[in-house]
Amino acid sequence: ADFVMIPSRFEPCGLIPLHSMRYGTVPIVASTGGLVDTVKEGFTGFQMGAFNVDCDAIDPADVGALATTVKIALATYDTPALKEMIQNCMDQDLSWK
């Protein structure tokens, strides 16, 4: 895959982007929990901003942020910028060291 989208409202740990970055898949994430710490905007992925935490409804602003961020990510497809981002993802030391 070229991208993985993680639009979580809550994400205490964020293992999915760690796995994706290890294998060169660029994460597109909501800016919440551990995702804020592990995905660096424009360097190792894309941040959508924080989503509304009301689980009973979908906030139209959240949908707009998701669509905008996906469009930004797709605009980098097959560019040197994306290739550099993929390399940045794979070069990270995600060990316990």
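Using this note's numbering, the letters of the sequence shown correspond one by one to residues 577 to 673.
Glycine residues also receive a C-beta, built at the ideal position from the N, C-alpha and C atoms.
No experiment lies behind these values; they were computed from the predicted model shown.
Using a Cβ-Cβ cut-off of 7 Å (strictly less than) and excluding sequence neighbours within five positions of residue i, which residues of its own chain qualify?
{"i": "P603", "result": "V580, I582, P593, S596, M597, V615 and G621"}
Enumerate in chain order the residues of its own chain whose CB-to-CB distance from residue i is below 8 Å, with the five nearest sequence positions on each side excluded.
{"i": "V612", "result": "Q623"}
Can you tell me the Cβ-Cβ gap for residue i and residue j, rounded? I've got them flagged as a contact below 8 Å.
{"i": "G609", "j": "E587", "result": "4 Å"}
Cα separation between residue i and residue j?
{"i": "P636", "j": "A649", "result": "20 Å"}
{"i": "E660", "j": "D632", "result": "39 Å"}
{"i": "T645", "j": "W672", "result": "30 Å"}
{"i": "I634", "j": "A643", "result": "14 Å"}
Counting only the same chain and skipping the five closest in sequence on each side, list residues whose C-beta sits under 6 Å from that of residue i.
{"i": "M666", "result": "G600"}
{"i": "F627", "result": "R585, A606 and D638"}
{"i": "A641", "result": "M624 and G625"}
{"i": "N684", "result": "Residue 684 lies beyond the stretch modelled for the chain, which goes from 577 to 673, so this question has no answer here."}
Buried or exposed, going by whether 16 or more other CB atoms sit within 10 Å of the CB of residue i?
{"i": "G590", "result": "buried"}
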